[in-house]
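Chemist:
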Amino acid sequence: MATAVNQDYKECKNNEKLDHIPGSFGLPVIGQTFQLVKDLYGTIDRQYKEFGNVSRFGLAGFRGALLIGPDLYKEIMLDRDKNFSAEMGYMGSLGRFYKGALLLRDHEDHRFQRRMMQSAFKNDAMKGYIGTMGPMIADGISGWGEKGELLFFPGIKKILLDVAARIFVGLDENDERAEKLNKAFLDITDGLMGIVTKEWPGTKFRKGKIGERYLIELFGGLIEERRNGDGTDTFSYFCREKTEDGEYFSNEDIVAHMSFLLFAAHDTTTSALSHMLFHLGQNPELQQRLREEAMSIDKPYLDYEDLENMPLMEVAVKEALRLHPSVMMMQRRTINDCELGGYKIPANTILFLAPQHTHRMAEYWDEPLKFDIDRWLEPRNEHKRHSFSWVGFGGGAHKCIGMHFALMQVKNFMHQFLRQYEFHLADGFSDKMQTVPLPKPVDDLPLVLKRIG
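Numbering-wise, the UniProt record's numbering puts 50 at position 50 of the sequence shown, and it's gapless, one number per residue.
Listed below in structure tokens is the structure:
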């Protein structure tokens with residue numbers, strides 16, 4: 001294994017010389033992108049059954065090695081020899097719009113930057129967030145019952161974006177900048193899927209770049225104001241944080257972290273809730289079981305101390321993330337030559353990790369395609385069979401810094417929603433799932449709601 005970090009690795013081109021590894025890069029340029037978009041799990045499963053845990057794989061202009069299984073994920077995510085670069089793994093994808101974000105930082109730089117962000121996710125800050133969140137969710141869902149049938153995905157996306165704009169940026173939902181923020185993120189998400197990566201007129205990439213510049217202008221223009229204020233939004237915490245030398249973090253660092261945090265926070269939770277309700281909408285008994293947990297906390301809004309009293313809600317969202325991870329493909333790049341799964345992997349090789357397949361491996365999960373929250377509870381505890389058989393929030397140094405915030409948001413929403421509504425999936429609902437750019441039901445999850453009481 002590698003023992004020293006090659007300091008010049010960021011200047012190196014991707015290695016594509018992997019003829020000694022079984023598999024296929026697929027078609028020129030696009031690789032196996034079309035198959036993956038059409039059927040992600042099936043594509044990965046066929047690759048695994050034919051070639052094993054390590055295979056050659058091509059995706060959206062990149063050629064590398066596809067890795068499957070918790071043993072490999074543990075080795076890569078713990079990265080004890082500092083041989084796997086998240087920055088270079090994502091540079092050709094997320095890095096086109098979110099360069100400098102926490103996920104795209106390596107080793108000591110990552111640890112240093114993460115410290116700046118941690119103050120915004122400590123208990124005192126979280127207690128402030130939950131006080132803001134409850135009434136906003138209540139306002140957002142108050143009129144849902146009158147509609148009878150509701151497309152859940154756009155409905156919850158709007159609520160969570162408003163919550164994110166207020167809690168993370170300190171913008172009221174009626175502030176015109178909040179709407180521009182939403183458009184910028186939608187354009188960037190589309191831009192990430194663009195085949196053309198030049199700012200040619202009419203391309204998705206160009207629209208995404210315009211969105212990126214808007215975020216830089218918005219956040220950059222607010223830093224001094226927030227630094228000198230006493231705001232309790234995440235942005236203000238970032239602006240006031242100092243290094244051990246007493247220096248503020250740079251404007252560039254703050255803008256990069258804010259941009260990606262907003263992108264990651266509301267989209268991933270929107271995805272997780274949509275999949276969770278997809279399964280609960282088909283299982284009235286389980287839905288009622290979770291409702292009883294919500295009813296046991298007899299107050300309109302949760303307090304921070306109530307979160308630990310919702311264990312069923314927590315394992316329900318984890319089960320949704322097991323079957324439908326919000327991040328379908330993780331990436332790293334090797335820094336030095338190494339060995340993975342019995343194969344020599346050259347330096348600068350892109351590594352693709354597909355959590356969904358590992359989350360559904362029968363070696364670690366009983367009836368792995370079934371939505372079953374009891375697998376997480378005593379006495380089964382299936383998630384303890386391997387510490388990396390579930391990576392719904394990543395793992396190791398790059399484990400999602402907003403994990404507890406996301407769980408808090410899910411519990412807040414479900415506490416209010418289940419106390420007010422019974423629901424089932426509308427007739428003719430689709431069981432097909434979109435996996436990229438954001439995992440969700442293809443029909444936006446049409447629900448039929450009935451107000452309780």
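We treat Cβ as the ideally placed atom computed from N, Cα and C, and that holds for glycine.
None of the values given here were measured: they were computed from a predicted structure.
(1) Mark residue 451 as exposed unless 16 or more other C-beta atoms lie within 10 angstroms of its C-beta, in which case mark it buried.
(2) For residue 20, which three-state DSSP category applies?
(3) Report buried or exposed for residue 79, applying the criterion of at least 16 other Cβ atoms within 10 angstroms of its Cβ.
(4) Give the straight-line distance between the Cα atoms of residue 96 and residue 211, rounded to the nearest whole angstrom.
(5) Mind pulling the alpha helix (DSSP H) runs of 4 or more residues that sit fully within the stretch 377-422?
(6) Where do the N-terminal and C-terminal ends of the beta strand (DSSP E) with residue 330 fall, by residue?
(7) When the Cβ atoms of the stretch 400-417 are set against those of the stretch 113-122, are three or more pairs found closer than 8 Å?
(8) Let me know the secondary structure DSSP gives residue 153 once reduced to three states.
(9) Note down, in chain order, each residue of its chain lying with its Cβ closer than 6 Å to the Cβ of residue 271, except the 5 sequence neighbours on either side.
(10) Which value, in whole angstroms, describes the spacing of the CA atoms of residue 117 and residue 395?
(11) Please list, in chain order, all residues of the same chain as residue 371 whose beta carbon is under 7 Å from its beta carbon, the five residues on each side excluded.
(12) Tell me the residue span of the beta strand (DSSP E) that contains residue 57.
(13) Which value, in whole angstroms, describes the spacing of the CA atoms of residue 333 and residue 146?
(14) Along the chain, which unbroken stretches of the beta strand (DSSP E) at least 3 residues long are found entirely within the stretch 279-360?
(15) By the three-class DSSP mapping on this structure, what secondary structure does residue 246 have?
(16) Using C-beta distances below 7 Å, list every residue in its chain close to residue 443, excluding the 5 sequence neighbours before and after it, in chain order.
(17) With C-beta atoms as the reference, is residue 454 less than 7 Å away from residue 414?
(18) Among the residues of its own chain, which have a CB less than 6 Å from the CB of residue 71, if the five just before and after it don't count?
(19) Would you report the Cα separation of residue 381 and residue 375, rounded to the nearest angstrom?
(20) Do the stretch 335-344 and the stretch 295-306 meet, that is, are 3 or more Cβ pairs less than 8 Å apart?
(21) Thinking C-beta only, is residue 205 closer than 7 Å to residue 197?
(22) Taking its Cβ as the centre, do 16 or more other Cβ atoms sit within 10 Å of residue 412, making it buried, or is it exposed?
(23) Given this structure, state the Cα-to-Cα distance separating residue 2 from residue 352, to the nearest angstrom.
(24) Where does the unbroken beta strand (DSSP E) through residue 63 begin, and where does it stop?
(25) Taking the C-alpha atoms as reference points, what is the distance between residue 369 and residue 390?
Modeler: To lay it out plainly:
(1) Reading the sequence shown from its first residue, position 451 is the one you call residue 451. Exposed, because fewer than 16 other Cβ atoms sit within 10 Å of the Cβ of residue 451.
(2) In the sequence shown, the residue the question calls residue 20 occupies position 20. Coil at residue 20, not helix or strand.
(3) Along the sequence shown, one-based indexing puts residue 79 at 79. Looking at its Cβ environment, which holds 16 or more other Cβ atoms inside 10 Å, residue 79 is buried.
(4) Position 96 of the sequence shown holds residue 96. Position 211 of the sequence shown holds residue 211. Their Cα atoms are separated by approximately 12 Å.
(5) 403-420
(6) One-based indexing of the sequence shown puts residue 330 at position 330. From DSSP, the beta strand (DSSP E) with residue 330 extends over 330-334.
(7) yes
(8) By one-based count along the sequence shown, residue 153 stands at place 153. Note: residue 153 maps to helix in three-state DSSP.
(9) Translated into positions along the sequence shown, residue 271 becomes position 271. Result list for residue 271: 326, 438, 439 and 440, in chain order.
(10) Residue numbering aside, residue 117 sits at position 117 when the sequence shown is read from its first letter. Residue numbering aside, residue 395 sits at position 395 when the sequence shown is read from its first letter. Approximately 17 Å between the Cα atoms of the pair.
(11) In the sequence shown, the residue the question calls residue 371 occupies position 371. If we look at residue 371 and ignore the five residues flanking it on each side, its Cβ neighbours are 279, 319 and 323.
(12) The residue you call residue 57 lines up with position 57 of the sequence shown. 54-59 is the span of the beta strand (DSSP E), which, as asked, contains residue 57.
(13) The count along the sequence shown starts at 1 and reaches residue 333 at position 333. The count along the sequence shown starts at 1 and reaches residue 146 at position 146. Approximately 51 Å, taken between the alpha carbons.
(14) 330-334, 338-340, 343-345 and 350-353
(15) Taking the first residue of the sequence shown as position 1, residue 246 is located at position 246. Here residue 246 sits in coil by DSSP.
(16) One-based indexing of the sequence shown puts residue 443 at position 443. Cβ neighbours of residue 443 beyond the five flanking positions: 429 and 430.
(17) Nothing in the structure corresponds to residue 454, since the chain is present only between 1 and 453.
(18) The residue given as residue 71 occupies position 71 in the sequence shown. Excluding sequence positions up to five before and after residue 71, its CB lies less than 6 Å from no other CB in the same chain.
(19) Taking the first residue of the sequence shown as position 1, residue 381 is located at position 381. Taking the first residue of the sequence shown as position 1, residue 375 is located at position 375. Inter-residue distance for residue 381 and residue 375 is about 6 Å (C-alpha atoms, whole angstroms).
(20) no
(21) As a working note, residue 197 is residue 197 in the sequence shown. As a working note, residue 205 is residue 205 in the sequence shown. Contact: yes.
(22) Within the sequence shown, the letter at position 412 stands for residue 412. Classification for residue 412: buried.
(23) Here the question's residue 2 lines up with position 2 in the sequence shown. Here the question's residue 352 lines up with position 352 in the sequence shown. Reliability fails at residue 2, whose pLDDT of 45 lies under 50, so the model's placement of it is uncertain and the value that follows must be treated cautiously. Between residue 2 and residue 352, the C-alpha separation is close to 19 Å.
(24) Walking along the sequence shown from the start, residue 63 turns up at place 63. Per DSSP, residue 63 belongs to the beta strand (DSSP E) from 62-67.
(25) The count along the sequence shown starts at 1 and reaches residue 369 at position 369. The count along the sequence shown starts at 1 and reaches residue 390 at position 390. If you take the alpha carbons of residue 369 and residue 390, they lie about 14 Å apart.
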